[in-house]
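Worksheet: the structure to be examined is printed underneath.
Residue numbers (our numbering): 15 to 300.
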């Protein structure tokens, strides 16, 4: 898909039902919080399930970074978009037609946390030890590997470019690997992804120290763009809410899906204000 590697032109569509032509292929854009091959593989079961339940071909695409994901959604180049919470808030500030409709449920909760980790060999075993060090983060528009890790560091009295040097590596797994190798003294990423990497043996937890966790974060939202007729919109929602097959849900690290709404992400907006982050600038710098 061309939109994955370059910004798109044109103005956002004004409403979810502005266009209602039949959809020949449902384009599903996925947040690049891990490497693209992993993201695609984890969503193959969901793709097949949607094709069967909706009777429409589904194309999975992974953007090169969060900025191009946001651009694609706000320019209505994707039908469904799986955002991180912060990237959703950025996109929604530019395109109010984006409708969050589902979030994953895990262990009875529709929230997750970020984790701060340090390199054990370098003696990074406390927040105070982070002072003067390099801290690896994911994408500038990432919630779990940028916004909430930096919020937790701020709560510990550490400010970027003053008490530590942030470096953006793009994905959560890249952050974990950098801290494990010692190319970054500390880093922040989603706790769910951290635990997955440990479970898979991708990283060695013996080389790492968990410094702390963030407060609860609202889960990644699934959203719809404009151009889908009401019948298809309702069918998509019900397909997500009715998904109960553990074999399909396990790769998604979910027990099921529940409805979502825009106000669920007001805490993300609040966190961005606390850190004095400009949403437009996050897109520009990502």
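Just so it is clear, CB atoms sit at the ideal spot from N, CA and C, and this is done for glycine as well.
This one's a predicted model, so the numbers in the text were calculated from it and none came from an experiment.
Tell me the DSSP secondary structure of residue 157 in three-state form. Locating residue 157 in the chain shown gives position 143, counting from the first residue. Helix at residue 157.
Enclosing alpha helix (DSSP H) for residue 88 [first to last residue]: Here the question's residue 88 lines up with position 74 in the chain shown. Run containing residue 88: 80-88, per the alpha helix (DSSP H) assignment.
Going straight from the alpha carbon of residue 204 to that of residue 95, what length do you get? As a working mapping, residue 204 is identified with position 190 in the chain shown. As a working mapping, residue 95 is identified with position 81 in the chain shown. Rounded to whole angstroms, residue 204 to residue 95 spans 19 angstroms at the Cα level.
Taking the alpha helix (DSSP H) that residue 96 falls in, what are its first and last residues? Working through the chain shown from its first residue, we reach residue 96 at position 82. First-last for residue 96: 94-96, but that is the beta strand (DSSP E), not the alpha helix (DSSP H).
DSSP beta-bridge partners of residue 272: By one-based count along the chain shown, residue 272 stands at place 258. BP columns for residue 272 point to 117.
Determine whether the beta carbon atoms of residue 101 and residue 83 lie at a separation below 8 angstroms. On the chain shown, residue 101 is found 87 positions in, with the first residue counted as 1. On the chain shown, residue 83 is found 69 positions in, with the first residue counted as 1. Yes.
Per-residue burial, residue 277 [other beta carbons within 10 Å of its own, 16 or more giving buried]: Looking up residue 277 in the chain shown gives position 263. Under this definition residue 277 is an exposed residue.
Please classify residue 167: does DSSP put it in a helix, a strand, or coil? Taking the chain shown and counting its residues from 1, one reaches residue 167 at position 153. Correct three-state label for residue 167: helix.
For residue 224, write down the residues that DSSP places opposite it in a beta bridge. On the chain shown, residue 224 is found 210 positions in, with the first residue counted as 1. For residue 224, the pairing in a beta bridge is given by DSSP as 131.
Between residue 166 and residue 98, how many whole angstroms is the CB-CB distance? I'm expecting something under 8 angstroms. Along the chain shown, one-based indexing puts residue 166 at 152. Along the chain shown, one-based indexing puts residue 98 at 84. So it is not a contact: roughly 17 angstroms between Cβ atoms.
Measuring only the C-alpha atoms, how far is residue 22 from residue 87? Along the chain shown, one-based indexing puts residue 22 at 8. Along the chain shown, one-based indexing puts residue 87 at 73. Low confidence applies here, because residue 22 scores a pLDDT of 35, under 50, leaving its location unreliable; read the following figure in that light. Roughly 10 angstroms separates the two Cα atoms.
Please name the residue in 112, 54, 45, 104 whose C-alpha comes closest to that of residue 247. For the purposes of this step, residue 247 is taken as the residue at position 233 of the chain shown. Closest by alpha carbon: 112.
Minimum C-alpha distance to residue 211 - residue among 265, 135, 198: In the chain shown, residue 211 corresponds to position 197, counting from 1. The shortest CA-to-CA distance from residue 211 to any of 265, 135, 198 is the one to 265.
Cutting at 6 angstroms between CB atoms, please list the residues of its own chain near residue 287, excluding the five before and the five after it. If you number the chain shown from 1, residue 287 lands on position 273. None.
Boundaries of the beta strand (DSSP E) in which residue 202 is found, first to last residue: The residue you call residue 202 lines up with position 188 of the chain shown. 200-204 is the extent of the beta strand (DSSP E) around residue 202.
Could you pull the start and end residues of the beta strand (DSSP E) that residue 149 belongs to? In the chain shown, the residue the question calls residue 149 occupies position 135. Taken as a continuous stretch (DSSP letters only), the beta strand (DSSP E) holding residue 149 covers 148-151.
Using a Cβ distance threshold of 8 angstroms, determine whether the stretch 175-189 contacts the stretch 244-263, with at least three qualifying pairs required. Below 8 angstroms, too few C-beta pairs join the stretch 175-189 and the stretch 244-263 to call them touching: fewer than three.
Would you check if the distance between the CB atom of residue 172 and the CB atom of residue 159 is smaller than 8 angstroms? Numbered from 1 along the chain shown, position 158 holds the residue referred to as residue 172. Numbered from 1 along the chain shown, position 145 holds the residue referred to as residue 159. Not closer than 8 angstroms, so no.
CB residue 53 to CB residue 93, shorter than 8 angstroms? Against the chain shown, residue 53 aligns to sequence position 39. Against the chain shown, residue 93 aligns to sequence position 79. Against a cut-off of 8 angstroms, the Cβ pair of residue 93 and residue 53 comes out as no contact.
Proximal residues to residue 228 (C-beta, below 6 angstroms), its chain only, five neighbours per side dropped: Locating residue 228 in the chain shown gives position 214, counting from the first residue. Closer than 6 angstroms at Cβ, skipping near neighbours: 127, 128, 162, 166.
Alpha-carbon to alpha-carbon, residue 175 and residue 138: Taking the first residue of the chain shown as 1, we reach residue 138 at position 124. Taking the first residue of the chain shown as 1, we reach residue 175 at position 161. Annotation: residue 138 to residue 175 spans about 18 angstroms, alpha carbon to alpha carbon.
Which residues bound the alpha helix (DSSP H) around residue 73? Locating residue 73 in the chain shown gives position 59, where the first residue counts as 1. In the DSSP assignment, residue 73 falls outside any alpha helix (DSSP H) and within the unbroken beta strand (DSSP E) covering 72-76.
Using CA coordinates, which residue listed in 240, 209, 260, 253 is at the minimum distance from residue 273? The residue labelled residue 273 in the question sits at position 259 within the chain shown. Residue 273 has its Cα closest to that of 253, out of 240, 209, 260, 253.
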